[in-house]
Structures are given as structure tokens and as C-alpha cells.
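Student: Mapping to numbering that gives the first Met the number 0: the sequence shown position 483 is 482, numbers consecutive.
Quick reminder that beta carbons are idealized off the backbone N, C-alpha and C, glycines included.
The structure is given below, and queries will be raised subsequently.
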Amino acid sequence: MSKPLNRRQFLEGSGGAAAATLVAAGAARAQVPTALAAINQSFLFDGKPFDPSLVIDTARILAQRPVVPLVATDLPEGYASLPFDLYSGIRAQPGSLIWAGENRGFTIEPLHRGYVFANPVNLFTIEDGAVRRVAFDRSRFDYGRVTPPAASVDLQFSGMRIATGLERPFEVAMFQGATFFRALARGQNFGALARALILRPGETRGEEIPFFRAFWIERPNPASGLLVIHALLDSESLTGALRMTLRPGDVTLMDVEMTLFARQQLDHIGFGCTMGTFLSGPQSRRGFDDIRPAVHEVSGVQMRSGTGEWIYRPVSNPATLQVSSFMDANPKGFGLVQRERDSAAFMDEDQRFELRPSVWMEPLGDWGAGSVQLIEIPSESDVNDNVITYWRPRQSLPAGSETAIAYRQAWCWQPPERPGLALATRMRQGRGSQGRRRRFLVDFTGDRLADAAMVASTRAHITTQPGQIHNIRLWPFPERKLMRVGFEVDPGTDSLCELRLVLQSGGQPVSETWLNRWTW
0 MSKPLNRRQF LEGSGGAAAA TLVAAGAARA QVPTALAAIN QSFLFDGKPF
50 DPSLVIDTAR ILAQRPVVPL VATDLPEGYA SLPFDLYSGI RAQPGSLIWA
100 GENRGFTIEP LHRGYVFANP VNLFTIEDGA VRRVAFDRSR FDYGRVTPPA
150 ASVDLQFSGM RIATGLERPF EVAMFQGATF FRALARGQNF GALARALILR
200 PGETRGEEIP FFRAFWIERP NPASGLLVIH ALLDSESLTG ALRMTLRPGD
250 VTLMDVEMTL FARQQLDHIG FGCTMGTFLS GPQSRRGFDD IRPAVHEVSG
300 VQMRSGTGEW IYRPVSNPAT LQVSSFMDAN PKGFGLVQRE RDSAAFMDED
350 QRFELRPSVW MEPLGDWGAG SVQLIEIPSE SDVNDNVITY WRPRQSLPAG
400 SETAIAYRQA WCWQPPERPG LALATRMRQG RGSQGRRRRF LVDFTGDRLA
450 DAAMVASTRA HITTQPGQIH NIRLWPFPER KLMRVGFEVD PGTDSLCELR
500 LVLQSGGQPV SETWLNRWTW
């Protein structure tokens with residue numbers, strides 16, 4: 000079960016900037032400049048030979064022109080205000096899916112426009128080396144309780160849903176809205192949301208939202224087990240070309256290669272962005288009166304620094320906006336993860352948060368100096384993606400520059416690369432023994448903690464800035480491969496403490512490094 004995109008969150012985030020549309024040959028709309036239509040038609044429209052470099056060339060040419068804003072005024076009356084339940088009832092007819100019945104290992108469902116997904120996106124397939132436009136046809140949709148549009152209109156699409164498998168197909172990915180997309184591994188439910196780019200999040204001047212103009216999808220070879228998608232994105236400040244290779248499975252991999260062309264200088268850009276929901280849990284309840292003991296599809300940020308240190312930072316639902324920066328150079332990986340896999344921790348048989356994917360980013364090539372950014376936004380609803388993480392390079396992108404970046408994205412139960420260290424698997428916090436003190440309990444779990452001799456020499460190294468640590472205590476459980484660490488934090492007169500905890504034996508780490516920010 001996947002949650003609906005929150006209408007207010009989407010509209011506020013878009014800042015009113017609507018996507019300009021690509022135009023099919025011979026069907027250019029009046030509000031799209033003829034020059035722009037000609038550029039696109041000359042490169043990548045119906046019947047043209049396809050080459051991936053042409054998507055890059057198109058992005059390069061578009062970057063030399065200002066972005067063309069477009070207000071989507073061509074939707075049938077009422078479609079832009081459809082409630083989610085009515086909109087979600089509009090589905091493509093099973094027999095009308097792209098490559099349905101061809102046993103190619105994948106099918107594509109074009110997604111209708113409506114609800115908050117008003118802006119048009121063109122879909123193309125690549126068949127035998129040539130571009131083929133996916134034409135809109137209302138007869139290919141089941142409209143449920145919604146009145147179908149007039150037969151003569153060409154509404155294009157809002158995105159696409161991808162299914163894989165021959166005998167038992169399952170939905171594996173979805174691209175819809177701005178540059179948002181989701182994927183999952185076999186047996187999971189849709190959860191965390193990725194973005195191809197994020198620009199100026201959390202800034203007072205407002206966030207800028209890039210958008211996809213079009214997708215070109217290569218017809219898959221049934222024996223390959225992969226799907227290749229090309230995309231063109233646009234925004235006020237930049238354009239870009241993407242090549243995404245999707246490999247579904249018990250771990251679903253997405254290789255992303257992106258070339259960006261800056262119209263303006265960009266001093267706050269984010270790569271490998273993931274968003275997820277954290278409403279409440281043992282580490283952060285904020286007085287919620289909810290029958291469920293925990294409500295979250297992600298539990299923390301996991302990182303592997305450029306020096307090889309493994310770090311875990313549990314996320315929270317703070318009372319005020321919190322922005323954290325974890326400085327690094329050439330990171331080896333980072334992402335939002337869901338570590339709680341016990342359904343009893345949530346007691347929610349509808350949402351099934353324990354089945355939501357972790358999302359792990361592995362940079363390909365050197366990314367240089369920068370920081371993993373974490374934004375935690377106060378929320379009172381489990382439909383809001385209120386936790387955001389991404390890589391922010393230290394250097395800005397100059398106007399007129401060309402930048403190439405690549406990463407491998409794993410949608411998984413746990414990151415494919417795992418440390419040979421104990422992991423922080425549970426955390427609780429509550430009132431301390433006196434004054435403003437706060438008490439913490441952190442559980443570490445791992446095979447190394449089964450070694451009783453090593454456990455006997457293990458110590459907890461804990462620091463806080465500012466404040467003081469008191470009453471450190473360890474409870475070893477070798478038979479359960481678990482070590483529980485208890486301690487108290489006294490913030491003094493301060494309202495925020497940055498905590499750091501690692502288990503060590505013989506001066507060497509036995510666990511990953513646990514970080515936490517606590518605010519009073």
C-alpha cells in the first residue's frame with residue numbers, strides 16, 4: 000500500500016512553477032515557443048533515430064534559453080481538484096500497458112493527469128533504434144467514477160508506473176510529479192521517495208523544483224533483466240539529461256547518470272535526495288496521542304564516510320525545523336534506512352511500515368568535498384515526507400557550467416554493503432534522574448557481541464557538545480548478540496546537544512558510530 004502525495008505539501012513545494020511541455024510533431028501548443036518545439040522535434044520525436052547523446056545535446060541547447068513556464072489549463076473541468084480516491088481509480092486498461100503480452104520482463108503503465116499531477120509529461124519508447132511516441136487515448140483507461148475527457152483531447156501523461164516479472168508481475172517503480180520517483184525490492188511496499196535533484200531546500204528564498212519534461216524508455220531485452228530510461232529535466236536554474244538503469248530483485252538497483260547544464264550559478268544543489276516519513280517512535284514521540292506505538296517508514300540516516308567510518312543518525316519529528324550537516328569528502332555511501340522490521344513495533348496492518356524500503360546511495364566516482372544534509376520538518380500527519388537527506392557539494396556550479404555525476408541507488412531491506420560492526424538497532428529516551436537531564440538507552444546488535452571475552456573489554460565512548468554525560472552503564476547480552484548502553488545527558492543551560500556514541504574494545508571500534516541531536 001502506498002500513501003498519497005500530500006496536496007498542500009506538493010503545491011507549496013512547487014512554488015507555483017509549472018512544467019513546460021514537450022510537443023509532438025505537428026501538434027505544437029500555442030503557449031510553447033516555436034523554437035523550443037523545433038529543437039525537440041528535430042532531435043527526439045516520433046520516428047527519429049535515437050542516440051543517448053541526443054538527450055544531452057537537447058539539455059545543452061535548452062540551457063541557453065530561459066525556462067518556459069506553463070500553467071496547465073488544458074485539463075478537463077474538475078480534474079485538477081479530484082480527491083485522491085477518485086484520481087487513484089483512473090487506471091490504464093490491463094491490455095493497454097506498454098509491452099503487455101510481449102513477455103519482455105517489464106510493462107509500463109502511463110499515468111493519467113489529475114489531482115496534484117496536473118503538468119504534462121511526454122512518454123516515448125525506443126523500438127529498433129527509433130523513437131516512438133506513446134499517444135494519449137482515453138479508451139486505454141478505466142475512469143472508475145470519473146467522467147472521461149472528450150475523445151479529441153491529447154492530455155499526454157503525468158508519469159509512469161513500472162511492473163516487472165513474467166509469471167507474477169509486481170510494481171517495482173513509479174515516476175510521477177516534478178522529478179520524484181519511487182522503487183522497491185521484492186516483497187516491499189512503496190515508501191520513501193527519491194528526487195533526481197533538489198535545489199535550495201529549507202532556505203528562506205524558497206525551494207526551486209526541477210521537473211521532468213519527457214522520458215524515453217528502451218524496449219527491454221527479456222534476457223537482460225534490466226530497463227533503461229532516459230529523461231530530460233528542466234528548471235529555472237538548470238537543465239539536465241539522465242540515463243537510469245533499473246534492475247529489480249531482492250535488492251532493486253537504479254544506476255543514475257546525470258549531466259547538468261547551469262543557466263545560473265547554483266550554490267545549493269543536492270544529489271541523491273531521498274525523502275521519507277517519521278511521525279513518532281520510541282526515540283521521538285513529542286506527546287502524540289496515537290494508538291500505534293510507532294509511525295515511520297524510515298528510522299535514520301546511515302552513512303559511510305570517505306575515511307570508511309560507519310555512522311548512524313536516528314531521525315526525529317522535532318518541534319521546530321532542524322537542519323544538520325555531516326561534513327565529508329568523497330563519501331562511500333549514505334541513505335535513509337528503515338531498521339525496524341517487526342510488525343509489532345507499529346501495529347498497523349494497513350500501512351505496514353515494516354515493509355517500506357531502505358534507500359542507499361553509492362557515489363560512482365569522486366564527489367569531492369561537501370556534506371550529507373539532513374532536514375527534519377515538524378509534522379502531525381503520516382502522509383508528509385518530513386525527513387529529507389541528500390549530498391550537498393561544497394563548491395557551487397557556475398553559470399554556463401556542465402557537470403556530470405553518477406551514483407548507484409539500492410532500494411532494499413538493508414544496504415547491500417554492511418559493516419562488520421554492531422549496529423544501533425533500538426533507542427529509547429525519557430526523563431533523567433534530576434533537573435533537565437535526559438536518559439538514553441541504545442541497543443547495539445551484531446555477531447561480534449556474542450564473544451564474551453571481547454564484550455568484557457568493551458567500553459562505551461560517549462561525548463556531547465555542549466553538556467555533560469553522566470551515569471554510563473552497559474548491559475551485555477552475549478547470548479542475544481546485544482549490548483545495551485544507558486547514560487544521561489545534562490544540557491546545563493543549553494537547548495541543544497549533539498551526542499556521539501561508539502563501542503570500543505582495545506581502542507578499536509566494535510560498533511558503528513551513533514549520532515543524535517537532542518533539543519530541549
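Decide if GLN522 is buried, meaning its Cβ has at least 16 other Cβ atoms within 10 Å, or exposed.
Tutor: The chain is shown from 0 up to 519; residue 522 falls before or after that span and cannot be answered.
Student: Hey, out of ALA184, GLY104 and GLY364, whose CA is closest to ALA409's CA?
Tutor: Checking every option, the nearest Cα to that of ALA409 belongs to ALA184.
Student: Enumerated in chain order, which unbroken segments of the alpha helix (DSSP H) with a length of 4 residues or greater are wholly contained in the segment 169-217?
Tutor: If we require 4 residues or more, the segment 169-217 turns out to have no alpha helix (DSSP H) run fully inside it.
Student: Taking MET346 as part of the alpha helix (DSSP H), name the residues at either end of that continuous run.
Tutor: Premise fails: MET346 is in no alpha helix (DSSP H) and is neither H nor E.
Student: Using DSSP with H/G/I as helix, E/B as strand and the rest coil, what is ARG436?
Tutor: It is coil, neither helix nor strand.
Student: State yes or no: is the C-beta of ILE125 nearer than 7 Å to some heavy atom of the ligand FMN?
Tutor: The ligand FMN is absent from the structure shown, which contains no ligand whatsoever.
Student: I need the boundaries of the alpha helix (DSSP H) containing PHE83, first residue and last residue.
Tutor: Residues 83-86.
Student: Rounded to whole angstroms, what is the Cα-Cα separation between ALA129 and ARG447?
Tutor: Going by the C-alpha atoms only, they are around 55 Å apart.
Student: DSSP state of THR57, grouped into three classes?
Tutor: In the structure shown, THR57 sits in a helix (DSSP, three-state: H, G or I).
Student: Pop quiz: PRO51 and HIS229 are said to be a contact at Cβ under 8 Å. What is the actual Cβ separation, rounded to whole angstroms?
Tutor: Yes, they are in contact, since the Cβ atoms of PRO51 and HIS229 sit about 6 Å apart, within 8 Å.
Student: Applying the 10 Å Cβ sphere with the 16-neighbour rule, what's the burial state of TRP513?
Tutor: When all chains shown are included, TRP513 counts as buried.
Student: Suppose you measure from the CA of VAL297 to the CA of ALA343; what does that come to, to the nearest Å?
Tutor: Cα-Cα distance, rounded: 16 Å.
Student: What's the call for ALA26, buried or exposed, on a 16-neighbour Cβ count within 10 Å?
Tutor: Because ALA26 carries a pLDDT of 36, less than 50, the predicted location of this residue cannot be relied on, and the following value inherits that uncertainty. Exposed, because fewer than 16 other Cβ atoms sit within 10 Å of the Cβ of ALA26.
Student: Tell me, please, whether the segment 149-164 touches the segment 111-131 by the rule of three or more beta-carbon pairs shorter than 8 Å.
Tutor: Because the criterion of three Cβ pairs below 8 Å is met, the segment 149-164 and the segment 111-131 touch.
Student: Applying the criterion that 16 or more other CB atoms from any shown protein chain within 10 Å of the CB defines a buried residue, is ILE197 buried or exposed?
Tutor: Its Cβ being crowded by 16 or more others within 10 Å, ILE197 is buried.
Student: Is the beta carbon of GLN321 closer than 8 Å to that of GLN428?
Tutor: Going by C-beta atoms, GLN428 is not nearer than 8 Å to GLN321.
Student: From GLN394 to SER234, what does the alpha carbon distance come to, in whole angstroms?
Tutor: Cα-Cα distance, rounded: 20 Å.
Student: Please go through the same chain and pick out, in chain order, the residues whose beta-carbon is closer than 8 Å to the beta-carbon of GLY466, but skip the five residues on each side of it.
Tutor: Around GLY466: VAL488, ASP489, PRO490, GLY491, ASP493 and CYS496.
Student: Within the segment 321-407, note down every full beta strand (DSSP E) run reaching 3 residues or more, in order along the chain.
Tutor: You should have 321-328, 332-336, 357-363, 368-375 and 386-392.
Student: Residues in the same chain with beta-carbon distance under 6 Å from ASP381, minus the five sequence neighbours each way, listed in chain order, please.
Tutor: Taken in chain order, the residues that qualify are THR276, LEU278 and VAL294.
Student: Taking three-plus beta-carbon pairs below 8 Å as touching, is the segment 352-367 in contact with the segment 407-426?
Tutor: With a cut-off of 8 Å, the segment 407-426 and the segment 352-367 count as touching, because enough Cβ pairs lie within range.
Student: Return helix, strand or coil for ASP442, following the three-state DSSP convention.
Tutor: Strand at ASP442.
Student: Buried or exposed: TRP517, going by 16 or more other Cβ atoms within 10 Å of its Cβ?
Tutor: Buried: at least 16 other Cβ atoms inside 10 Å.
Student: In terms of residue numbering, what span does the alpha helix (DSSP H) encompassing VAL454 cover?
Tutor: Start and end: 451-455.
Student: Does the beta-carbon of ASP384 have 16 or more other beta-carbons within 10 angstroms, so that it is buried, or is it exposed?
Tutor: Buried, because 16 or more other Cβ atoms sit within 10 Å of the Cβ of ASP384.
Student: Throw me the rounded Cβ distance for the ASP45 and ARG131 pair, which I believe falls under 8 Å.
Tutor: That pair is a contact at about 6 Å.
Student: Rounded to whole angstroms, what is the Cα-Cα separation between SER151 and SER138?
Tutor: Looking at the two C-alpha atoms, the distance is approximately 11 Å.
Student: Would you identify the three-state DSSP class for LEU43, choosing helix, strand or coil?
Tutor: In this structure, LEU43 counts as helix in the three-state DSSP scheme.
Student: Report back the beta-carbon spacing between THR244 and ASP254 to the nearest angstrom; my notes put them in contact at under 8 Å.
Tutor: Right, the Cβ-Cβ distance comes to about 4 Å (below 8 Å), so this counts as a contact.
Student: Using the three-state DSSP reduction, which class does TYR78 fall into: helix, strand or coil?
Tutor: Helix.
Student: Go through its chain and collect everything with a Cβ distance to TRP98's Cβ below 6 Å, but skip five positions before and after it.
Tutor: Excluding sequence neighbours, TRP98 sits near THR106.
Student: For ALA261 and SER400, which I take to be in contact (beta-carbon distance under 8 Å), what is that distance rounded to the nearest angstrom?
Tutor: Confirmed, about 5 Å.
Student: Rounding to the nearest angstrom, what Cα-Cα distance links ARG6 and PHE174 in this structure?
Tutor: With a pLDDT of only 38 at ARG6, under the threshold of 50, the placement of this residue in the model should not be trusted, and no figure is reported.
Student: Cβ of GLY431 within 8 Å of Cβ of ARG437?
Tutor: It is a contact, given that the beta carbons lie within the stated cut-off.
Student: Below 7 Å CB to CB, which residues in the same chain sit around PRO48 once its five sequence neighbours on both sides are set aside?
Tutor: Here the set comprises GLY128 and ALA129.
Student: Of the residues ILE374, MET159, THR319 and SER315, which one's Cα is nearest the Cα of TRP215?
Tutor: Ranking ILE374, MET159, THR319 and SER315 by Cα distance to TRP215 puts MET159 first.
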